[in-house]
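Undergrad:
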Amino acid sequence: MSSIMDNLFQSIQKIHKQAPLSLNNGKVINGRVIDLLPGNRAVVDIGRKQINARLETSLTKGGRYLFQVDARTTPVRLKVVSEQTGAGKDTPLQTWMNERGIKTNRQTMALIKTLLNKQIPFTPQELRQAVTILQNGKSGPAMSVIKDMFEKQLPIRTPVFQALAAGKQHQLSELFRALGEGGAPFSPGSRASLLVNSIMPPAADASFEKAAQVKLLQEVQSNSRQSFQLFKQAGILPETETYAQFKKKVLLSVMGGPDGKSTIASGTGKQISPHIVSDMNRLLPISGKNSLSAVHASGNHEVVSGKNAGKIQELFNGQLHVSSKQFQQMKGWKEQLNKIVHSEEPPSRALLEAFVTNHRKLETAGVFQKVTGKLSGEEKSSFRRIIQQIPREVANLLEKRPGSVSEQYRSSVMNEAIRTVERSVSRQVPPHFAKLLSEWTILSQKELPLPLQERILLQMKAFQQLSGMDDEATLNQSRNTSDISLKSSLVRLITESGGQRAETARNLLQMFNSMQLTSLQDSALSLQLTLQFPGQLLGAREDAHVLLESEKTETGAISPDNCHILFYLDLQSLNETVIDMQVQNRKVYVTVYNGEEALPRIAEELKNDLREGMDKAGYSLGDLQIKQDRGQNDAAESNSFHKKEKGVDFRI
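Each position in the sequence shown, counted from 1, maps to that position plus 255 in the working numbering.
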């Protein structure tokens, strides 16, 4: 990322987001007295905010002071530990550092001055640890990394430093490319192999055809039923088929016997012979070539496998990506409406009120918009009208007023809503199947390539799901061999191999650690999520960076209705591009920063496509602007952004 575009990316972020004031106990922070007020009070600029404080010691207007926080009292006490007597005079600061055993040299003084100027809080212990890391650090961007650690309030520890340094020195794109050199690094069918192949497909094309068969073989050997159940939901297997029948078929095709005693042990890494691949295709033609019997039966060499690949992709595209709670609310909404419509007795007031409450929750969470986005044509506009009409008709029932439509029409409208939501619910896979569905969808592309937009969505989702970013969060959940993520596989690769491949695996693992450390910033009222993707997923030269921030919803999640999203891309034709998206009440305002002269004309031609795409996702396009000045004005504006904090009581 060039310095100009990096500054722009950071500047736009600062305009919309200021780090919350964090005055934890023992922290030291720089402050300046703005004004002295009657009644022993003062206005102090501290932590990039102006606060009202009650004075218990004499301060000078315009003076700069080092304050140490004592948060054990109410109000919070700020103790003056040193006064900065003026620019260029370091004696009081050096004295304070020496008293605490912190070495003072050019490097450490540069660090502490940066912290003071940016009003970033720190403890003496953190400063000592930072000095030690700087003295031992061999990384070029060491000072920059340390500053980021303080600014993001990360633990000042060597492993954290190493992870962040790797993030600054390497690109995911180059590491994935290097990992694929010299042959496939992971066993076929594993999550690590699937993810690497989806990002760098040419590197492992030869083993890709066998991956589906290897995966199924490993699953039946470990008695895993997940793929079996997923295939049933996708319509690949008949509802009447039992797991025992499925397993018997697989083992018969592999070994010619139902017990599978002589079968290849799972995870041995041995090659599966071509006749096994052929027999497996006869049973479940997910990928690779069909057997002769399938060809003769269909008259088309690609029909059977292509059909099943399409069923998997249809299941993937039908996912609403709602939470477990929202999924249960959808099922409850359907059951409640079904009772209202089909009960022989008039619906009770309690049932009607419960339905209205549930309807509002689903509407607020944007679930109905997601359902609408999966529909097409007249069905979409019809469902929108129905969802708007149902609350009015239920309100009429509550108030015992005559409806605005006939009883027969109202019943017809509600039944249509029930059927639509029921179809959507039936397509949803359980949360613990989400990763498996992404894996099989990746494999399905061998037979039936996805359109560009759907492929990008799949690859980005697969990267988030299969890379192992959530390994620590799911540590206590039981797993089998097929659940091993890319991150876990990298740890194994480091210990089992050597040379350049082990070094690449180590750098990639540290990149993942860096992304985990910096991906989420959570405050009392807002969330900020930072994502990074390999550039290959978008056909870009460098990694794609995404910043998403919003106020928290009632459940503590990011609001899809009101949020701010920033993208940094270095594209093959358009070069460096920053996209700034403001979402307000599900209306999207897009600003694109790019210096290419032809972009305004291209953007105008694609505006209708953008509008239609957002409409499918349940959003509307508010405005699209192209700026070619690379955002210098935005950077200047960010420097003037300042907020005054009132009503917060501090004692100095």
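Quick reminder that beta carbons are idealized off the backbone N, C-alpha and C, glycines included.
My guess is that leucine 310 and alanine 297 are in contact by the Cβ rule of under 8 Å, so how many angstroms apart are they, rounded?
TA: Here residue 310 is taken as the residue at index 55 of the sequence shown, counted from 1. Here residue 297 is taken as the residue at index 42 of the sequence shown, counted from 1. Right, the Cβ-Cβ distance comes to about 6 Å (below 8 Å), so this counts as a contact.
Undergrad: Can you tell me which of Gly286, Lys589, Arg841 puts its alpha carbon nearest to the alpha carbon of glutamate 677?
TA: For the purposes of this step, residue 677 is taken as the residue at position 422 of the sequence shown. Comparing Cα-Cα distances from glutamate 677 to each of Gly286, Lys589, Arg841, the minimum goes to Lys589.
Undergrad: Given that a residue counts as buried once 16 or more other Cβ atoms are within 10 Å of its Cβ, and exposed if not, what is glycine 356?
TA: If you number the sequence shown from 1, residue 356 lands on position 101. Its Cβ having fewer than 16 others within 10 Å, glycine 356 is exposed.
Undergrad: Compute the Euclidean distance between the alpha carbons of proline 789 and arginine 710, then round it to the nearest angstrom.
TA: Locating residue 789 in the sequence shown gives position 534, where the first residue counts as 1. Locating residue 710 in the sequence shown gives position 455, where the first residue counts as 1. Rounded to whole angstroms, proline 789 to arginine 710 spans 14 Å at the Cα level.
Undergrad: By the three-class DSSP mapping on this structure, what secondary structure does proline 410 have?
TA: Here the question's residue 410 lines up with position 155 in the sequence shown. The answer is coil: DSSP assigns proline 410 none of H, G, I, E or B.
Undergrad: Distance check for lysine 616 and glutamine 426, CA to CA, integer angstroms please.
TA: For the purposes of this step, residue 426 is identified with residue 171 of the sequence shown, where counting begins at 1. For the purposes of this step, residue 616 is identified with residue 361 of the sequence shown, where counting begins at 1. In a straight line, the C-alpha of glutamine 426 is about 41 Å away from that of lysine 616.
Undergrad: Output the boundary residues of the beta strand (DSSP E) element that contains histidine 800.
TA: Position 545 of the sequence shown, counting from 1, holds the residue named residue 800. Where histidine 800 is concerned, the enclosing beta strand (DSSP E) stretches over 799–806.
Undergrad: How would you label proline 601, buried or exposed, when you count the other beta carbons within 10 angstroms and need 16 or more for buried?
TA: Residue numbering aside, residue 601 sits at position 346 when the sequence shown is read from its first letter. Classification for proline 601: exposed.
Undergrad: Glycine 753: which of Gln624, Lys470, Pro855, Leu434 sits nearest, CA to CA?
TA: As a working note, residue 753 is residue 498 in the sequence shown. Glycine 753 has its Cα closest to that of Leu434, out of Gln624, Lys470, Pro855, Leu434.
Undergrad: Since phenylalanine 377 is in the beta strand (DSSP E), which residue starts that stretch and which ends it?
TA: Numbered from 1 along the sequence shown, position 122 holds the residue referred to as residue 377. Neither: phenylalanine 377 is in no beta strand (DSSP E) and is coded neither H nor E.
Undergrad: Could you say which of Lys304, Thr696, Arg674 lies nearest to alanine 489 if we only look at CA atoms?
TA: For the purposes of this step, residue 489 is taken as the residue at position 234 of the sequence shown. Residue Thr696 is the option with its Cα nearest to alanine 489.
Undergrad: Counting Cβ pairs closer than 8 Å, one from the segment 767–785 and one from the segment 802–813, do we hit at least three?
TA: yes
Undergrad: Where does threonine 785 sit, in a helix, a strand or coil, going by DSSP?
TA: Position 530 of the sequence shown, counted from the start, is the residue given in the question as residue 785. If DSSP states are grouped into helix, strand and coil, threonine 785 belongs with the strands.
Undergrad: How many angstroms separate the CA atom of glutamine 827 from the CA atom of glutamate 797?
TA: Locating residue 827 in the sequence shown gives position 572, where the first residue counts as 1. Locating residue 797 in the sequence shown gives position 542, where the first residue counts as 1. Using only the alpha carbons, I get a separation of about 10 Å.
Undergrad: Quick check on the burial criterion: 16 or more other C-beta atoms within 10 angstroms. Buried or exposed for glycine 873?
TA: Within the sequence shown, residue 873 is the residue found at index 618, counting from 1. When all chains shown are included, glycine 873 counts as buried.
Undergrad: Proline 646 and valine 611 look like a contact to me (Cβ under 8 Å); what is the Cβ gap, rounded to whole Å?
TA: Within the sequence shown, the letter at position 391 stands for residue 646. Within the sequence shown, the letter at position 356 stands for residue 611. Between valine 611 and proline 646 the Cβ distance is about 7 Å, and since that is below 8 Å, they are a contact.
Undergrad: Which runs of the alpha helix (DSSP H) spanning at least 4 residues fall entirely within the segment 651–711, listed in chain order?
TA: 662–682, 689–699
Undergrad: Quick one: using the 10 Å Cβ neighbour count with 16 as the cut-off for buried, is lysine 871 buried or exposed?
TA: Reading the sequence shown from its first residue, position 616 is the one you call residue 871. Result: exposed.
Undergrad: Taking only runs that begin and end inside the segment 815–883, name each unbroken alpha helix (DSSP H) of 4 or more residues, in chain order.
TA: The qualifying runs are 854–871.
Undergrad: Output yes or no for whether 8 Å exceeds the beta carbon distance between asparagine 830 and isoleucine 881.
TA: Stepping through the sequence shown from its first residue, residue 830 is reached at position 575. Stepping through the sequence shown from its first residue, residue 881 is reached at position 626. No, these two residues do not count as a Cβ contact at 8 Å.
Undergrad: If distances are taken between C-alpha atoms only, which option among Val451, Phe571, Thr363, Tyr664 comes closest to serine 740?
TA: Within the sequence shown, residue 740 is the residue found at index 485, counting from 1. Of the candidates Val451, Phe571, Thr363, Tyr664, the one whose C-alpha sits nearest the C-alpha of serine 740 is Val451.
Undergrad: Select from Glu618, Leu472, Ser453 the residue whose C-alpha is nearest the C-alpha of leucine 792.
TA: What you label residue 792 is simply residue 537 of the sequence shown in a count that begins at 1. When each option's Cα is compared against that of leucine 792, the closest is Ser453.
Undergrad: Please name the residue or residues paired with serine 284 in a DSSP beta bridge.
TA: In the sequence shown, residue 284 corresponds to position 29, counting from 1. Inspection of the sequence shows that residue 284 is occupied by isoleucine rather than by serine. Checking the DSSP bridge columns, you'll see isoleucine 284 partnered with Phe322.
Undergrad: Does the Cβ-Cβ distance between phenylalanine 405 and leucine 348 come in under 8 Å?
TA: The sequence position of residue 405 within the sequence shown is 150, counting from 1. The sequence position of residue 348 within the sequence shown is 93, counting from 1. It is not a contact, given that the beta carbons lie outside the stated cut-off.
Undergrad: Within a Cβ cutoff of 7 Å, which residues of the same chain sit near glutamine 591, ignoring the five residues on either side of it in sequence?
TA: As a first step, residue 591 is located in the sequence shown; it is residue number 336 there, counting from the start. Around glutamine 591: Leu606, Ala609, Phe610, Asn613.
Undergrad: Based on Cα-Cα distance, which residue from Glu806, Gln839, Ala620, Gln568 lies nearest to lysine 580?
TA: Numbered from its first residue, the sequence shown carries residue 580 at position 325. Per the Cα distances, Ala620.
Undergrad: Could you give the residue range of the beta strand (DSSP E) that holds glutamine 776?
TA: Locating residue 776 in the sequence shown gives position 521, where the first residue counts as 1. Per DSSP, glutamine 776 belongs to the beta strand (DSSP E) from 775–777.
Undergrad: How is the alpha helix (DSSP H) around serine 428 delimited, first residue to last?
TA: The residue you call residue 428 lines up with position 173 of the sequence shown. From DSSP, the alpha helix (DSSP H) with serine 428 extends over 427–435.
Undergrad: Measure the CB-CB distance between lysine 316 and leucine 333 and report whether it falls below 8 Å.
TA: Start at 1 with the first residue of the sequence shown, and residue 316 comes out as number 61. Start at 1 with the first residue of the sequence shown, and residue 333 comes out as number 78. No, Cβ-Cβ distance for lysine 316 and leucine 333 is not below 8 Å.
Undergrad: Between the beta-carbon of lysine 282 and the beta-carbon of valine 324, is there less than 8 Å?
TA: By 1-based counting over the sequence shown, the position of residue 282 is 27. By 1-based counting over the sequence shown, the position of residue 324 is 69. For lysine 282 and valine 324, yes; Cβs fall inside 8 Å.
Undergrad: Among Leu745, Ser778, Asn840, Ser313, which one has its Cα closest to the Cα of valine 288?
TA: Within the sequence shown, numbered from 1, the residue matching residue 288 stands at position 33. It is Ser313 whose Cα lies nearest to the Cα of valine 288.
Undergrad: Kindly indicate which three-state DSSP category arginine 796 falls into: helix, strand or coil?
TA: Position 541 of the sequence shown, counted from the first residue, corresponds to residue 796. In this structure, arginine 796 counts as coil in the three-state DSSP scheme.
Undergrad: Could you name the residues that DSSP lists as bridge partners for isoleucine 813?
TA: What you label residue 813 is simply residue 558 of the sequence shown in a count that begins at 1. Within the DSSP secondary-structure output, isoleucine 813 pairs in a beta bridge with Lys807.
Undergrad: Starting from the C-beta of methionine 869, find all residues in its chain whose C-beta is less than 7 Å away, skip the five residues before and the five after it, and write them out in chain order.
TA: Here residue 869 is taken as the residue at index 614 of the sequence shown, counted from 1. So the list reads Val843, Ser875, Leu876, once near-sequence residues are dropped.
Undergrad: Which residues in the same chain have their Cβ closer than 8 Å to the Cβ of glutamate 852, if we skip the five residues on either side of it in sequence?
TA: The residue given as residue 852 occupies position 597 in the sequence shown. The residues are Gln883.
Undergrad: Relative to the alpha-carbon of alanine 466, which residue among Ala439, Ile820, Arg747, Glu569 has its alpha-carbon at the smallest distance?
TA: Position 211 of the sequence shown, counted from the first residue, corresponds to residue 466. Nearest of Ala439, Ile820, Arg747, Glu569 to alanine 466, Cα basis: Ala439.
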